[in-house]
Structure formats: C-alpha cells, structure tokens
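**Student:** First residue of the sequence shown? That's 8 in the numbering used here, and the numbers climb one at a time after it. By construction, the Cβ of each residue, glycine as well, lies at the ideal position given by its N, Cα and C atoms. Quantities reported herein were computed from a predicted structural model and do not represent experimental measurements. Before we start, here is the structure in question, set down as structure tokens.
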Amino acid sequence: MGSVLAGVLQLLALIGALALAYIPLGNYMAKVYTSDKHWRVEKWTYRAIGANPDTEMTWTAYLRGVLAFSAVGVLFLYLLQRIQGILPGSLGFDSVNPAQSFNTAVSFVTNTNWQSYYGEQTMGHVVQTAGLAVQNFVSAAVGIAVAVALVRGFARSRTGELGNFWADLVRGTIRILVPGAAIAAIVLVACGVIQNFSGIHEVGQFMGGSQQWNGGAVASQEAIKEFGTNGGGYFNANSAHPFENPTPFTNLFEIFLLLVIPFSLTRTFGVMVGSVKQGYAILATMATIWVGFVALMMWTEFAHHGPALQLADGAMEGKEVRFGVGSSSIFAVSTTLTSTGAVDSFHSSFTGLGGGITILGMQLGEIAPGGTGSGLYGMLIMAVIAVFIAGLMVGRTPEYLGKKIGTREIKLAACYILITPALVLVLAAISMALPTPPHSMLNSGAHGFSEVLYAFTSAANNNGSAFAGLNANTDWYNTMLGVAMLLGRFLPMVFVLALAGSLAEQRPVPETAGTLRTNKPLFVGLLVGAILIITGLTYFPALALGPLAEGLAS
Numbered sequence: 008m009g010s011v012l013a014g015v016l017q018l019l020a021l022i023g024a025l026a027l028a029y030i031p032l033g034n035y036m037a038k039v040y041t042s043d044k045h046w047r048v049e050k051w052t053y054r055a056i057g058a059n060p061d062t063e064m065t066w067t068a069y070l071r072g073v074l075a076f077s078a079v080g081v082l083f084l085y086l087l088q089r090i091q092g093i094l095p096g097s098l099g100f101d102s103v104n105p106a107q108s109f110n111t112a113v114s115f116v117t118n119t120n121w122q123s124y125y126g127e128q129t130m131g132h133v134v135q136t137a138g139l140a141v142q143n144f145v146s147a148a149v150g151i152a153v154a155v156a157l158v159r160g161f162a163r164s165r166t167g168e169l170g171n172f173w174a175d176l177v178r179g180t181i182r183i184l185v186p187g188a189a190i191a192a193i194v195l196v197a198c199g200v201i202q203n204f205s206g207i208h209e210v211g212q213f214m215g216g217s218q219q220w221n222g223g224a225v226a227s228q229e230a231i232k233e234f235g236t237n238g239g240g241y242f243n244a245n246s247a248h249p250f251e252n253p254t255p256f257t258n259l260f261e262i263f264l265l266l267v268i269p270f271s272l273t274r275t276f277g278v279m280v281g282s283v284k285q286g287y288a289i290l291a292t293m294a295t296i297w298v299g300f301v302a303l304m305m306w307t308e309f310a311h312h313g314p315a316l317q318l319a320d321g322a323m324e325g326k327e328v329r330f331g332v333g334s335s336s337i338f339a340v341s342t343t344l345t346s347t348g349a350v351d352s353f354h355s356s357f358t359g360l361g362g363g364i365t366i367l368g369m370q371l372g373e374i375a376p377g378g379t380g381s382g383l384y385g386m387l388i389m390a391v392i393a394v395f396i397a398g399l400m401v402g403r404t405p406e407y408l409g410k411k412i413g414t415r416e417i418k419l420a421a422c423y424i425l426i427t428p429a430l431v432l433v434l435a436a437i438s439m440a441l442p443t444p445p446h447s448m449l450n451s452g453a454h455g456f457s458e459v460l461y462a463f464t465s466a467a468n469n470n471g472s473a474f475a476g477l478n479a480n481t482d483w484y485n486t487m488l489g490v491a492m493l494l495g496r497f498l499p500m501v502f503v504l505a506l507a508g509s510l511a512e513q514r515p516v517p518e519t520a521g522t523l524r525t526n527k528p529l530f531v532g533l534l535v536g537a538i539l540i541i542t543g544l545t546y547f548p549a550l551a552l553g554p555l556a557e558g559l560a561s
C-alpha cells in the first residue's frame, strides 16, 4: 500500500469515527447543560466552594466567575512549581524559576499548554498530576461553559441571564471530561502508553553513556490532554514520544480525541437553539475548512522535489517513521485548527508551505473545529460577521437565529476578531525589533521569522504547539508569551459574554421572506469565504515575510 493511499484511508476512518460519535455525544452534552438535576458529587462540590448552582447570572457575573476561578488557578499552579523542590515525588528536580513558573501557570490555566521546558527533566509527579493534569480538566470546562453561555444568549429572549458558571464548570468536568478521559486512558494503557509513578532509571547504554527516563501517569494525562484540546506533553517530544503515542493506532485515536468534542458541540448548539439544521451548517463550515487544510497539507508534504524526497516517499524530515507523512499531516492540521498544541512531528521541519499551513490554521482563530468551547464560540462570532456582511449586500438589518445584529453586537464581534491578531503581530514585531530576542532563533531569514511568528500565534490563540526551532526559555519569551496567552484567552471571553448578554435581552424577530437562511449551503459558503478573507487580509503581510517567502524560494 502506498503512503498516499494509507493517509487517505486513515482520514476516511477518522471521519467515520467522528460521524458515529457526533449525534450521541452532541445530544448528551446538550442534556448536561439543560438538565435541572444535580448529581450528589456535584452537590458536594458546590457546598465545598460555596456556590449556589441554581442562581442565574448576568454576563458580568458570569465573567467574574470565569476570571476569579482562573486567577486562583494561576496562583495555585505558580506556587506549586515554586515549592516543587520540597514536595514529595519531585524526582529530585529543583523548584521552577519565577519566569518559567509564571509562563507555565498561565499556559495551563488558559488551555494553551505552551511548554518552554523539558517535561521529563523539570516537573515532578506532584506538579504533573495535582497541577498540570487538573488544569487540563478545568480549563477545558471553562471554555465549554463560555460557549454554552453564548448559545443560551441566542436561545433565550428578554432576559439578561446566561445560566450559572459554577454549575456549567462542575458539570462539564464531572459529566463530560472525567468519564471521557477515563475511557480514553484505559484504551491508551491497553495500547502501550505508560501509567506509573516510577522514578528516574537507566534504560540502556548508548554511545558509551547511559540514557535515563522517568515514568509518570502519562496515559491519564495524555487522554485529557487530547480530549480537552490542551496539548501539554508529559515528555518534551510530546505525542512523538513512544511512551505517549506508541503506535499508528494510538496516533489516530489521539487525533479522534482532540476533534470529537469541538465537532460534536455543533450538535449541542443546534439542539439548544431548537434547530439541528443550524448546527449542521456550523459543522459543515468547520468540516470544509478542516478537510481542505488536510488535503492541502498532504499535497505539500507528499510533493516529490528531488531524489531524497522521492526515496523517502514524501517530506519525512522531522516526522516519526511510525506514523509517516499522511498521519503526521492529519495530526498537524488537526492540532493547529484546534487549540490542542500536541504534536507528533516537528512543524519546523515541514516544508515551507506546510509550516505556513500550520500557522494559518491557528490564525483562523482555531475554529475548524477549534478548542473545547472556544472553537464553537469563535465560529459563532464569525457567523455574526458573515450575517452582517450579507445584510450590507442586500440593504437590510442582519439577523441571526432570530436576533438582530445591531451596532452593539457588531462592535463586540469586531473587537473579538481584532484582539488576537493585534497581540500576534505587535508582539512578534517587537521581538524582531529588539536586539536580544532574535538570538533565540535557531534559523535566520524567513524560517527564523516563522519561528517567532509561530510562537506568538500559538500563544495568543491558546494553541500551545511550537515550531521547534525557537529557544523560548528566556525571561523575555516566558514573560511576553505569558502575557499573550492571558490576553488572548480572557479578552475574547469578555466580548463573547457581553455579546451573549446583549442577545439574551432581545425579543426574537420572526422570519420573513427577506431573512437570510443560515442553515443553507449558501450561508456555509459565505461563512467559509468570510473566515478566509478576513484572516488573509489580516495576516497575509506577515505570512509573506515568513512561510510564503520560504516556500516560494525552495
């Protein structure tokens, strides 16, 4: 079987698995967030944190809950790293320095999971399990909660209430993420992923010296790392490491895990707003972009330019021979079109155009299908923009799901789509202009610029993957990337929740003959076009200086 055919068959198998999970998981998540029943363990949790889950919140109260919970998470994780040296199970590792502790704490709380450290050489068992793994669950639950609040804004009318953040957070964690990750962890252990708390031990003699590895609760963290679209690896090599991802089957299974919730949330959206066709329209938009990017990536990586690539049957530099070009291409596109950030190959070693595709995937806003929750609310914001553009074309007030898109709504949507590009472009420009930060670049020229552009794109979009060529473990990058992650996560949430509150206060508008049908293929095409054009206009100059220049020169 040829490598291209193998890649296509893996893609078809993945699509089939996602299709089978779509309706049951989407319906289940809708039931979770619309139920008025509380499980006993949930009641214990509410009592412990002093929250009343039946109290409805306005958007400002909901936002305060998000920010307060996240601030406590940052502080706790920061302190846990700073005292690691005196904790049991530290494996002899020292406490993490302040700049890196700040960066890592912000990274995991914002669902970014950017890592400027070697996991197997820096973090002990307590920090990995009680700190990083816990944030993998709750940061993902926060993203879903904000998305559900926006969906309620479309579904409700003449009220400013969007539900209860604490109830949404606890339910998302206990009813969705914990059971899903537990099942996934069992599958991974059965397929060879390690799960233990062993210390550091020698694994053999290599070139006259010994090699040392430490164990860890890898399978359980790997499961929620993908299922919650987090991405932080237990080991530095992330999902390219055989302890995390040993076989082609586990590789495909991990891609399934990182896509299944974001895609299925479109079904949840359709059920909650009372029209599954609206969910299918959003799904079709996400799927069109995802499949298109996968096809383009496979084409660039399988293109045979020169005898070396012909002998390797594709651009194999930086890719695991266990997975090959096809599977690595699917993983690279899926991880950068979601907010996962896990990698099974090194994106810096992709072809120039292939590396550009990974950057562009993040620059779209990671909405195809995006992260747990963040993908859905990002796509709904783009739907509001698309409806507004359509309204300008026909000269009537735009409407979406029975809600008028007025001046206030479009201003909030515009702020949402502008904040992340501003962070990426401004911080990348400053890093290139200052004398010291460019010294962290492994390469010069267009590829070196791509390393810096990729880093800030990954941080501001809360992706977390790296181009594997930039030394980001410096005070400058630890601090600036941490700032980008914080602002890139929470400023958009401000605009999302404000938009949700504005929509929830409106009276529903009845459909007329002039109403744009947002559940039809025409709207899907309009939405795809709006996403690509807006992103292209925003980032094209920067892309032209980096991956496009490198790709055209090769």
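#1: For ASP482, tell me which candidate among ASN470, LEU559, SER447, ASN468 has the shortest Cα-Cα distance.
#2: In its own chain, which residues sit with a C-beta less than 8 angstroms from the C-beta of PHE100, not counting the 5 before and 5 after it?
#3: Report the three-state DSSP secondary structure of THR407 (helix, strand or coil).
#4: Extract the residue ranges of the alpha helix (DSSP H) inside the stretch 243-306, only unbroken runs of 4 or more that lie entirely within it.
#5: Is PHE172 closer than 8 angstroms to GLY72 when the C-beta atoms are compared?
#6: GLY170 lies in the alpha helix (DSSP H); which residues open and close that run?
#7: Counting C-beta neighbours from all protein chains within 10 Å, is the total for ALA75 16 or more, i.e. buried, or is it exposed?
#8: Rounded to whole angstroms, what is the Cα-Cα separation between PRO249 and GLY14?
#9: Grab me the residues of ASN143's own chain with a C-beta within less than 8 angstroms of its C-beta, minus the 5 sequence neighbours each way, in chain order.
#10: Around the Cβ of GLU251, are there at least 16 other Cβ atoms within 10 angstroms (buried) or fewer (exposed)?
#11: Using a 10 Å radius around the Cβ and a threshold of 16 neighbouring Cβ atoms, would you call GLU518 buried or exposed?
#12: Since ASN468 contacts GLU373 with CB under 8 angstroms, what's their CB separation in whole angstroms?
#13: Closest to GLY299 by C-alpha separation, out of PRO376, PRO405, SER451, TYR29, would be which residue?
#14: Note down, one range per segment and in chain order, each beta strand (DSSP E) of at least 3 residues found wholly within the stretch 407-442.
#15: Measuring CA to CA, which of GLN202, ALA174, SER334 is closest to LEU18?
#16: Out of PRO528, GLU458, GLN513, ARG89, which one is the CA nearest neighbour of ALA549?
#17: Taking Cβ positions, are ILE388 and ILE424 nearer each other than 8 angstroms?
#18: Output the distance between the C-alpha atoms of ILE201 and ALA189, rounded to the nearest integer angstrom.
#19: In the structure shown, what three-state DSSP assignment does LEU449 receive?
#20: Hey, ASN118 and SER146 are a contact pair by Cβ (cut 8 angstroms); roughly how many whole angstroms apart?
#21: Which partner residues of SER352 appear in the DSSP bridge assignment?
#22: Would the stretch 147-160 and the stretch 504-512 be scored as touching if the rule is three or more Cβ pairs under 8 angstroms?
#23: I believe VAL7 touches GLN88 by the beta-carbon criterion, under 8 angstroms. Please report the beta-carbon distance rounded to the nearest angstrom.
#24: Would you tell me roughly how many angstroms separate the C-alpha atoms of LEU84 and ILE289, rounded to the nearest one?
#25: Using only CA atoms, which one of LEU494, ALA310, LEU264, VAL177 lies nearest to PHE338?
#26: In its own chain, which residues sit with a C-beta less than 8 angstroms from the C-beta of THR62, not counting the 5 before and 5 after it?
#27: How many Å lie between THR358 and SER10 at the Cα?
#28: So what's ASN221 in DSSP terms, helix, strand or just coil?
#29: Do ALA511 and ARG163 count as a contact pair if the criterion is CB distance below 8 angstroms?
#30: For GLY150 versus THR379, is the C-beta distance shorter than 8 angstroms?
#31: Below 8 angstroms, can you find three or more Cβ-Cβ pairs linking the stretch 434-442 to the stretch 525-534?
#32: Whole angstroms are fine: how far does the CA of PRO499 sit from the CA of CYS422?
#33: Once DSSP output is grouped into helix, strand and coil, what is the label at ILE207?
#34: In this structure, does DSSP put THR65 in helix, strand or coil?
#35: Do three or more CB pairs link the stretch 477-496 to the stretch 257-271 at distances below 8 angstroms?
#36: Out of curiosity, what's the CA-to-CA distance linking ASN563 and SER381?
**Tutor:** Per the coordinate set shown:
#1: Start at 1 with the first residue of the sequence shown, and residue 482 comes out as number 475. Selected option, being the one with the closest Cα: SER447.
#2: As a first step, residue 100 must be located in the sequence shown, where it is residue number 93. Excluding sequence neighbours, PHE100 sits near GLN91, GLY92, GLN128, THR129, MET130, GLY131.
#3: What you label residue 407 is simply residue 400 of the sequence shown in a count that begins at 1. For clarity, residue 407 is Tyr in the given sequence; the question names Thr instead. Looking at TYR407 - three-state DSSP - the assignment turns out to be strand.
#4: For the stretch 243-306, whole alpha helix (DSSP H) runs of length 4 or above, ordered along the chain, are 255-279.
#5: Looking up residue 72 in the sequence shown gives position 65. Looking up residue 172 in the sequence shown gives position 165. Yes.
#6: Reading the sequence shown from its first residue, position 163 is the one you call residue 170. That residue, GLY170, is in no alpha helix (DSSP H); it is neither H nor E in DSSP.
#7: Here residue 75 corresponds to residue number 68 of the sequence shown, with the count starting at 1. Looking at its Cβ environment, which holds fewer than 16 other Cβ atoms inside 10 Å, ALA75 is exposed.
#8: Taking the first residue of the sequence shown as 1, we reach residue 249 at position 242. Taking the first residue of the sequence shown as 1, we reach residue 14 at position 7. Roughly 20 angstroms separates the two Cα atoms.
#9: One-based indexing of the sequence shown puts residue 143 at position 136. PHE115, ASN120, GLN228, ILE231, LYS232, GLY235, ASN237, GLY239, listed in sequence order.
#10: The residue given as residue 251 occupies position 244 in the sequence shown. It counts as buried.
#11: Residue numbering aside, residue 518 sits at position 511 when the sequence shown is read from its first letter. With fewer than 16 other Cβ atoms within 10 Å, it is exposed.
#12: By one-based count along the sequence shown, residue 468 stands at place 461. By one-based count along the sequence shown, residue 373 stands at place 366. Right, the Cβ-Cβ distance comes to about 5 angstroms (below 8 angstroms), so this counts as a contact.
#13: For the purposes of this step, residue 299 is taken as the residue at position 292 of the sequence shown. The candidate whose alpha carbon is nearest that of GLY299 is PRO376.
#14: none
#15: Taking the first residue of the sequence shown as 1, we reach residue 18 at position 11. It is SER334.
#16: In the sequence shown, counting from the first residue as 1, residue 549 sits at position 542. Among PRO528, GLU458, GLN513, ARG89, the Cα nearest to that of ALA549 belongs to GLU458.
#17: Translated into the one-based positions of the sequence shown, residue 388 becomes position 381. Translated into the one-based positions of the sequence shown, residue 424 becomes position 417. For ILE388 and ILE424, yes; Cβs fall inside 8 angstroms.
#18: Within the sequence shown, numbered from 1, the residue matching residue 201 stands at position 194. Within the sequence shown, numbered from 1, the residue matching residue 189 stands at position 182. Approximately 14 angstroms, taken between the alpha carbons.
#19: Translated into positions along the sequence shown, residue 449 becomes position 442. LEU449 falls in the coil class under three-state DSSP.
#20: Taking the first residue of the sequence shown as 1, we reach residue 118 at position 111. Taking the first residue of the sequence shown as 1, we reach residue 146 at position 139. Distance from ASN118 to SER146 at the Cβ level is roughly 4 angstroms; contact confirmed, criterion being Cβ atoms closer than 8 angstroms.
#21: On the sequence shown, position 345 is the one that residue 352 refers to. DSSP lists LYS326 as partners of SER352.
#22: The answer is yes - the stretch 504-512 touches the stretch 147-160, with three or more Cβ pairs under 8 angstroms.
#23: Limits of the chain in this structure are 8 at one end and 561 at the other, which puts residue 7 out of reach.
#24: In the sequence shown, residue 84 corresponds to position 77, counting from 1. In the sequence shown, residue 289 corresponds to position 282, counting from 1. If I take the Cα positions, the gap works out to 36 angstroms.
#25: As a first step, residue 338 must be located in the sequence shown, where it is residue number 331. The option with the nearest alpha carbon to PHE338 is LEU264.
#26: Within the sequence shown, the letter at position 55 stands for residue 62. In the same chain as THR62, and ignoring 5 residues on each side of it, the C-beta atoms closer than 8 angstroms to its own belong to ASN171, in chain order.
#27: By 1-based counting over the sequence shown, the position of residue 358 is 351. By 1-based counting over the sequence shown, the position of residue 10 is 3. Here the C-alpha atom of THR358 lies approximately 17 angstroms from the C-alpha atom of SER10.
#28: The residue labelled residue 221 in the question sits at position 214 within the sequence shown. Note: ASN221 maps to strand in three-state DSSP.
#29: Along the sequence shown, read from residue 1 onward, the residue named residue 163 stands at position 156. Along the sequence shown, read from residue 1 onward, the residue named residue 511 stands at position 504. Yes.
#30: Counting from 1 along the sequence shown, the entry for residue 150 is found at position 143. Counting from 1 along the sequence shown, the entry for residue 379 is found at position 372. Closer than 8 angstroms, so yes.
#31: No, the stretch 434-442 does not touch the stretch 525-534.
#32: Locating residue 422 in the sequence shown gives position 415, where the first residue counts as 1. Locating residue 499 in the sequence shown gives position 492, where the first residue counts as 1. So the alpha carbons of these two residues sit roughly 8 angstroms apart.
#33: Your numbering for residue 207 matches position 200 in the sequence shown. ILE207: strand per DSSP, three-state reduction.
#34: Residue numbering aside, residue 65 sits at position 58 when the sequence shown is read from its first letter. Correct three-state label for THR65: strand.
#35: no
#36: With the chain represented from 8 up to 561, any question about residue 563 goes unanswered, as that position is not in the structure.
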